[in-house]
Every structure is written in C-alpha cells, then in structure tokens.
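Here the sequence shown stands for residues 2 to 442, where the numbers follow this note's numbering. Notes follow the structure.
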Amino acid sequence: MHRTAVTVICASLLLSSSALASGFALRESSGSSLGLSYAGAAANGDSASNLNFNPGLLGDVKDFDISSNAIGLLPNTSGTFTATTSAGTPVSGNTHPKDIVNTALVGSLDVRYRLTDQLIIGLTTSSPWGMITDYDSSVTRYYNMKSDVKTYNVTPMIGWQPVPEFTIAAGVQVQYIKGTLTKAIDFGTIGALNHIPGSIPGAFDGYVALKAQTWGEGFVVGAAWNPTPSLSLGVSYRSQIDNTLKGTENFTLDSAGIGATLKAVTGMFVNGPATAKIATPSVLTFGGKWQASDQFTILVGADYTGWDAFNTLTAHSANAHQPDDVSIMNWNTSWSGSLGVEYKPVEDWTLRLGTAYDETPTVNVYRTPGIPDGSRYWISGGVGYRLNDHMDVDLSIARLIAQKGAIALSQADAGNAARGNLTGTVSLAVTLIGFEVSYHL
C-alpha cells in the first residue's frame with residue numbers, strides 16, 4: 002500500500018462540495034413583499050423591511066418606523082438515486098429519500114430614523130444565505146449526509162436626501178456564517194483498492210464532520226428616485242463577502258479497523274483544525290413601482306446574482322498529511338424577475354398578488370445532492386391591514402416550484418475519487434408563509 006495512492010483516493014474527504022452549493026440564497030426578509038413575489042421591493046418604501054433590497058428606501062420614512070418579520074419555509078422534497086462505489090459495487094441504502102430540505106423560520110428586524118430633512122439612518126438584520134439538507138444514510142451518503150449552513154447579517158446604513166424625490170444610501174454588512182457538514186467515508190472501498198485484508202466496498206463506512214464559522218464584512222449601496230408622484234425607481238448593489246471559515250474536523254473510523262490502518266500508515270483521518278473558503282455572492286437589484294390609480298399599483302423587479310464566485314470550493318486541513326479538498330463548481334451568474342400588483346378595495350386594506358421566475362446558477366454536470374437546485378417559479382398572494390395611524394400587519398403566502406434537478410456525478414470527476422458514482426433527480430417545492438408587523442411615526 003502506498004501513501005500516494007491513498008492520498009489521491011482520499012483527496013475529497015474533508016468537505017463535500019454539495020454542502021455549500023448554489024441555490025442557498027434566502028430572500029425572505031419582508032412579510033409584506035412576499036405577497037408580491039418580491040416584485041418592486043427595491044422601489045417600494047412603504048415598509049422598512051424592504052431596506053434589505055435597497056438602502057435608498059431610507060428616504061421614504063417620515064420620522065421613524067420599525068418592521069418585524071417572520072417567514073416560515075415548508076419544503077416538500079424527494080429524490081430518486083442510484084449509486085456505485087469507486088470499486089463498481091452497488092451502494093446500499095435508501096434510494097428514494099424524502100424530506101431532504103428541512104423546514105426553517107427566517108426572521109428580520111428593520112429600522113429607519115430621520116435625523117434631519119436630508120439625513121436618515123437605518124439598521125437591518127437578516128439571514129441572506131442558508132440551507133439545511135438531510136439525506137441520513139441514503140445512497141448519497143458519500144457525497145452528502147447532512148448540511149446545516151446559516152448566516153446572520155447586520156447592516157447599519159446612512160442615507161442622504163438632497164431633494165425629496167431622490168435618496169442615495171450606503172451601509173456596512175457585518176456577517177456571521179457557520180456550518181456543520183457531514184458525510185460518509187467508504188473505508189471498505191479505499192481499503193480494497195489498497196489491498197487491506199477484509200476490506201469490502203461499501204460495507205465499512207466511517208464519517209467526517211466539519212464544524213466551522215467566521216465573521217465577514219462587506220458593503221451595500223443603493224438609490225431611490227421618484228421622477229413623478231406615481232412612479233418610483235430603485236437600484237442597489239450588495240457586495241460579495243469572501244469568508245474563510247475556521248473550525249474542526251472530526252473523523253469517526255470504521256468498526257473493521259481499516260480506517261485505523263490507513264491512519265497509522267498515512268497520518269490522515271486525524272481530528273484537528275480545518276478551514277474552508279466560501280464566498281457569498283454579490284447581488285444587483287432593480288425595482289419599479291407605478292401607481293396606476295388610487296386603487297391599483299403595479300410593481301416589477303429583477304436581481305442579478307454573482308454566483309460565479311463559486312468556481313471552486315476549497316477546504317484545508319491543518320494536518321499536513323491530509324490533502325486539500327478542491328471541488329470544481331463552475332456555477333454561472335443568474336437572473337430573477339418578478340411582477341406584482343397591489344389593490345386597495347378600501348383605505349385600510351391592501352391585497353397583493355405576485356409571480357416570479359428565479360434562474361438556477363447550477364449546471365447539470367456539476368450539480369450535487371447537498372443543494373438540489375433547479376430554476377424556480379413563484380406564485381404568491383397577501384393581505385395588509387392598517388390597524389391604526391401607527392401600526393400595520395401583513396400576511397402573505399407563496400408557492401415555489403423548482404424544475405427537477407438532474408444529478409450525474411462520476412468518480413472520474415475532480416474530487417470524487419473516493420465518492421463513487423451517483424445519478425438521480427430531486428423534486429423540490431416550497432410553501433412560504435410570512436407575517437409582518439410595522440410601527441411608524
């Protein structure tokens with residue numbers, strides 16, 4: 002048995018590329034705009050919650066307002082897979098996993114305060130990126146068992162309003178990101194390929210879990226313009242944040258002693274510090290809002306997300322004997338577009354409808370089971386009610402349906418030597434329920 006051979010086979014064992022894959026953006030920061038599929042959010046300053054889409058909306062506050070939001074994500078996911086080990090034998094386990102993507106509750110709190118006629122300050126708190134997937138011991142386990150990634154973002158901002166019709170603003174993003182990533186190690190196949198007695202491919206699994214976190218900083222800029230009393234336009238840019246997560250990797254070796262033998266010979270599979278480099282992408286957002294009449298308002302929006310920041314995903318172990326895990330992603334930038342309408346049957350009530358298309362940045366040859374992403378279609382509706390002169394409540398519901406994500410991963414691909422071959426499809430649909438309470442002076 003040669004250490005070089007083991008290194009080549011095990012080069013991808015630290016971090017599965019599927020754990021932090023494309024499609025983990027969370028736009029859910031406004032319970033009212035959810036009813037519009039977020040159409041025109043960058044131009045709609047009615048609520049402080051839309052500051053997450055454009056800090057230029059600071060100028061729409063009279064004196065002070067605050068918005069609290071909670072949005073529940075109720076996914077319905079299932080997959081169909083077949084898999085073989087790197088030795089060519091079938092992988093045992095569940096081939097039809099369900100409930101792959103876990104439920105989640107996303108909250109945000111947003112504040113605007115006018116200092117002078119021209120200066121406004123604000124603060125947003127949100128979770129712009131995140132995903133929880135759980136395959137347990139299905140046949141995907143050598144690529145992904147469980148991924149739990151969360152972010153928490155706080156953005157203080159300041160705006161300048163030289164004239165009542167125009168506001169420009171900027172803010173500083175302070176972001177905390179943490180992740181727990183787990184997958185199985187096929188010690189049976191690694192041992193068999195290196196002629197360790199008693200090794201049976203797929204029969205003796207171990208596990209590796211990486212827990213890591215870090216803080217990062219970025220910026221956001223935006224502008225809002227009202228060229229006429231009935232027309233509002235907005236544009237904003239949220240910067241990319243390059244994160245280097247720091248934490249620990251913990252290995253659980255197999256019961257047959259194959260992993261222990263490899264550990265003794267190569268110095269690999271030792272618990273210790275590890276890092277992972279992950280970028281959360283930039284986002285360019287456009288919005289428009291046109292009040293067609295006293296009762297009807299039409300809203301449009303578009304986002305351009307720089308998912309090409311995920312060309313590679315690299316994990317590095319402090320153990321000099323453990324090779325880097327470099328996974329090739331080759332994701333593309335992606336667009337989303339949305340259209341919505343508001344209708345006010347009476348003064349205190351607002352009804353909303355919206356639809357959107359959200360393009361996936363993944364490509365078939367690199368799509369992984371950790372984030373089973375496909376282009377998505379939205380349909381949504383909502384209702385808002387003004388309780389009194391200072392308080393509003395909003396309730397929204399949306400249905401998101403994704404195109405099936407085809408997965409075809411080969412052991413011949415970079416980073417997959419120890420993972421074997423995996424093919425399959427994943428179906429994903431999500432129901433979103435949002436609630437917002439706003440207070441304003």
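Beta carbons are placed, not taken as given, at the ideal position from N, Cα and C, and that holds for glycine. Predicted model, so just to flag it, every value in this text is computed and none were measured.
{"Item": "Determine the burial state of residue 359: buried for a count of at least 16 other Cβ atoms within 10 Å of its Cβ, exposed for fewer.", "Value": "buried"}
{"Item": "Measuring CB to CB, does residue 45 end up less than 8 angstroms from residue 38?", "Value": "no"}
{"Item": "Smallest Cα separation from residue 341: which of 172, 290 and 362?", "Value": "290"}
{"Item": "Do you know how far the Cα of residue 310 is from the Cα of residue 275?", "Value": "21 angstroms"}
{"Item": "Measure the beta-carbon distance from residue 112 to residue 203 and round it to whole angstroms, keeping in mind my assumption that it falls under 8 angstroms.", "Value": "About 54 angstroms; that fails the 8 angstroms criterion."}
{"Item": "Go ahead and label residue 413 buried or exposed: buried means 16 or more other beta carbons lie within 10 angstroms of its beta carbon, across all protein chains shown.", "Value": "exposed"}
{"Item": "Please say whether residue 304 and residue 281 have beta carbons closer to each other than 8 angstroms?", "Value": "no"}
{"Item": "Locate the alpha helix (DSSP H) running through residue 193, then write down its first and last residues.", "Value": "188-194"}
{"Item": "Assuming contact is defined by CB atoms lying nearer than 8 angstroms, are residue 376 and residue 398 in contact in what I supplied?", "Value": "no"}
{"Item": "Since residue 374 and residue 383 are thought to touch, with beta carbons under 8 angstroms apart, how far apart are those beta carbons, to the nearest angstrom?", "Value": "Actually they are not in contact, since the Cβ atoms of residue 374 and residue 383 sit about 26 angstroms apart, beyond 8 angstroms."}
{"Item": "So residue 59 and residue 123 are supposed to be a Cβ contact under 8 angstroms. How far apart are they, rounded?", "Value": "5 angstroms"}
{"Item": "Can you list, in chain order, the residues of its chain whose CB lies under 7 angstroms from that of residue 411, leaving out five sequence neighbours each side?", "Value": "417 and 422"}
{"Item": "Quick one: Cα of residue 74 to Cα of residue 150, how far?", "Value": "15 angstroms"}
{"Item": "What do you get for residue 206, buried or exposed, if any count of 16 or more other CB atoms within 10 angstroms of its CB means buried?", "Value": "buried"}
{"Item": "Look at the alpha carbon of residue 163 and the alpha carbon of residue 172, and state the distance between them as a whole number of angstroms.", "Value": "18 angstroms"}
{"Item": "Checking 8 angstroms against the spacing of the C-beta atoms, do residue 64 and residue 442 come in under that value?", "Value": "yes"}
{"Item": "Specify the secondary structure class of residue 127 as computed by DSSP and reduced to three states.", "Value": "strand"}
{"Item": "Counting only runs of 3+ residues fully inside the stretch 90-175, write out the beta strand (DSSP E) ranges in chain order.", "Value": "105-115, 120-127, 131-135 and 147-164"}
{"Item": "Within 10 angstroms of the Cβ of residue 23, are there 16 or more other Cβ atoms? Answer buried if so, exposed if not.", "Value": "Because residue 23 sits at a pLDDT of 37, beneath the cut-off of 50, its placement in the model cannot be relied upon, and the following sentence gives the value as read from the coordinates. Label assigned to residue 23: buried."}
{"Item": "So what's residue 372 in DSSP terms, helix, strand or just coil?", "Value": "coil"}
{"Item": "Once you ignore the five residues that flank residue 2 on each side, which residues in its own chain have a CB closer than 8 angstroms to its CB?", "Value": "Reliability fails at residue 2, whose pLDDT of 45 lies under 50, so the model's placement of it is uncertain and the value that follows must be treated cautiously. Excluding residues within five positions, the ones whose Cβ falls inside 8 angstroms are 195, 196, 197 and 266."}
{"Item": "Going by DSSP, which residues form a beta bridge with residue 336?", "Value": "305"}
{"Item": "Please state if the CB of residue 337 and the CB of residue 40 are separated by a distance shorter than 8 angstroms.", "Value": "no"}
{"Item": "Please name the residue, chosen from 249, 230 and 220, that lies closest to residue 179 on a Cα-to-Cα basis.", "Value": "249"}
{"Item": "Going by DSSP, which residues form a beta bridge with residue 249?", "Value": "212 and 274"}
{"Item": "With contact counted as at least three CB pairs below 8 angstroms, one residue from each stretch, are the stretch 99-107 and the stretch 383-392 in contact?", "Value": "no"}
{"Item": "Quick one, which of 219, 344, 331 and 320 has its alpha-carbon nearest residue 354's?", "Value": "344"}
{"Item": "Does DSSP put residue 433 in a helix, in a strand, or in coil?", "Value": "strand"}
{"Item": "Which residues mark the beginning and the end of the beta strand (DSSP E) in which residue 314 is found?", "Value": "313-318"}
{"Item": "What are the boundary residues of the beta strand (DSSP E) that residue 80 is part of?", "Value": "65-85"}
{"Item": "Quick one: measure Cβ to Cβ for residue 425 and residue 82, integer angstroms, because I've assumed they're closer than 8 angstroms.", "Value": "3 angstroms"}
{"Item": "Whole-angstrom Cβ separation of residue 109 and residue 70, contact assumed at under 8 angstroms?", "Value": "5 angstroms"}
{"Item": "If you follow the alpha helix (DSSP H) that residue 265 is part of, which residue opens it and which one closes it?", "Value": "259-267"}
{"Item": "What are the start and end residues of the beta strand (DSSP E) that includes residue 392?", "Value": "392-403"}
{"Item": "Given a threshold of 16 other Cβ atoms within 10 Å of its Cβ, counted over all protein chains shown, does residue 244 qualify as buried or as exposed?", "Value": "buried"}
{"Item": "In angstroms with no decimal places, state the Cα-to-Cα distance between residue 53 and residue 284.", "Value": "11 angstroms"}
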